[in-house]
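S.K.:
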Amino acid sequence: MEKKLKTCLTSIRGKTDFSPKVALILGSGLGDYADGIHIETTMDYTEIEGFPVSTVKGHKGRFVFGYVGEVPVVIMQGRVHYYEGYPMTDVVLPTRLMGLLGAKQLILTNAAGGINGTFCPGDFMMITDHIAVGVPSPLIGPNLDELGPRFPDMSEVYSTRIRTVIKEAASACQMNLKEGVYVQLTGPNYETPAEIRMCRSWGGDAVGMSTACEAMAARHMGMEIGGISCITNLAAGMSKQKLDHMEVQESADRVSKDFKRLITRIIETI
Numbered sequence: 001m002e003k004k005l006k007t008c009l010t011s012i013r014g015k016t017d018f019s020p021k022v023a024l025i026l027g028s029g030l031g032d033y034a035d036g037i038h039i040e041t042t043m044d045y046t047e048i049e050g051f052p053v054s055t056v057k058g059h060k061g062r063f064v065f066g067y068v069g070e071v072p073v074v075i076m077q078g079r080v081h082y083y084e085g086y087p088m089t090d091v092v093l094p095t096r097l098m099g100l101l102g103a104k105q106l107i108l109t110n111a112a113g114g115i116n117g118t119f120c121p122g123d124f125m126m127i128t129d130h131i132a133v134g135v136p137s138p139l140i141g142p143n144l145d146e147l148g149p150r151f152p153d154m155s156e157v158y159s160t161r162i163r164t165v166i167k168e169a170a171s172a173c174q175m176n177l178k179e180g181v182y183v184q185l186t187g188p189n190y191e192t193p194a195e196i197r198m199c200r201s202w203g204g205d206a207v208g209m210s211t212a213c214e215a216m217a218a219r220h221m222g223m224e225i226g227g228i229s230c231i232t233n234l235a236a237g238m239s240k241q242k243l244d245h246m247e248v249q250e251s252a253d254r255v256s257k258d259f260k261r262l263i264t265r266i267i268e269t270i
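If you read the sequence shown in our numbering, its first letter stands for residue 1, the second for the next number, and so on.
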């Protein structure tokens, strides 16, 4: 196992023996979900030896261990992004750690720009697949055989079973859930209108700066994955409005109550 990964795992296990079944990564504007669960313990990323620390405003930067209903979960309040300058192995290190701690299912969330012309700010999109050719694969380099095979299958990154759970949860919450393909690009700049046209021609429905790399790392480990994007804005060229991070935060905050209901239902059913 990679030395840094082993060091982080040992550091966490020196502080808690909590064993989660479900892992959840919270995107921009969605981080306060973890504050409302039954918390057993929290751990700031700075407490974990060798752990990469997020520098993005609005990301708290800690693991929360606790229960959603009766389901033991580990939640990331704040993820690490490739655009912060970390190598991709550091970006997915937290995902791998949560799998090694015991999580078998991973729910990924993010704030994304809508490419699909039928999407509106505030919509939720269940991720059916992703396109990640714009970022380095987290599996480049020596394979970690303890985690998974050298050439993992990616024909079903987002579990059919979990997608059914997400759709049923949205229906129970009386939410109009969209579905689509998520495109990860590097950021931190927002995309140009020409790049958005390219993403649309590829078959993308939403675009962002995270998630797909985490999904690849988790799938490599055999984890079952579900993904939900909060469409916080229309992508460049689709409206006259300029893009900024404040708009992303405000849109995510506006629909956070619905998001919390949906995530709780998914985790309790999964």
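Here a beta-carbon is modelled for each residue, glycine too, at the ideal position from N, C-alpha and C.
Determine the burial state of R150: buried for a count of at least 16 other Cβ atoms within 10 Å of its Cβ, exposed for fewer.
M.R.: With fewer than 16 other Cβ atoms within 10 Å, it is exposed.
S.K.: So, helix, strand or coil for L262, using DSSP?
M.R.: helix
S.K.: How far does the alpha helix (DSSP H) with P94 in it reach, from first residue to last?
M.R.: 93-100
S.K.: Curious, which full-length beta strand (DSSP E) runs of at least 3 residues does the segment 131-193 contain?
M.R.: Complete beta strand (DSSP E) runs here, min 3: 178-184.
S.K.: Nearest-angstrom Cα distance between S28 and Q77?
M.R.: 9 Å
S.K.: Rounded to a whole number of angstroms, what is the C-alpha to C-alpha distance between K3 and S159?
M.R.: 30 Å
S.K.: Have a look at I263, G85, A194 and flag the residue whose alpha-carbon is nearest the alpha-carbon of I166.
M.R.: I263
S.K.: Count the other CB atoms within 10 Å of the CB of C120; is the residue buried (16 or more) or exposed (fewer)?
M.R.: exposed
S.K.: When the Cβ atoms of the segment 8-25 are set against those of the segment 37-44, are three or more pairs found closer than 8 Å?
M.R.: Taking 8 Å as the limit for Cβ pairs, the verdict is that the segment 37-44 does touch the segment 8-25.
S.K.: Output needed for T186: all residues of its chain with C-beta closer than 8 Å, excluding positions within five of it in sequence on either side, in chain order.
M.R.: Y82, Y83, G134, V135, M209
S.K.: Can you tell me whether S28 is helix, strand or coil according to DSSP?
M.R.: DSSP places S28 in the coil class of the three-state scheme, outside both helix and strand.
S.K.: From this set, G203, A236, G141, which residue's C-alpha is nearest I131's C-alpha?
M.R.: Nearest of G203, A236, G141 to I131, Cα basis: G203.
S.K.: By how many angstroms is the C-alpha of R219 removed from the C-alpha of V157?
M.R.: Their backbone Cα atoms lie some 6 Å apart in a straight line.
S.K.: Mind checking G69: buried by the 16 CB within 10 Å criterion, or exposed?
M.R.: exposed
S.K.: Alpha carbon to alpha carbon, how far is I162 from T128? Give it in angstroms, no decimals.
M.R.: 10 Å
S.K.: Could you give the DSSP three-state label for D205: helix, strand or coil?
M.R.: Assigned with DSSP and collapsed to three states, D205 falls in coil, not helix or strand.
S.K.: Can you grab the Cα-Cα spacing for the pair L234 / A111, in whole Å?
M.R.: C-alpha separation (whole angstroms): 11 Å.
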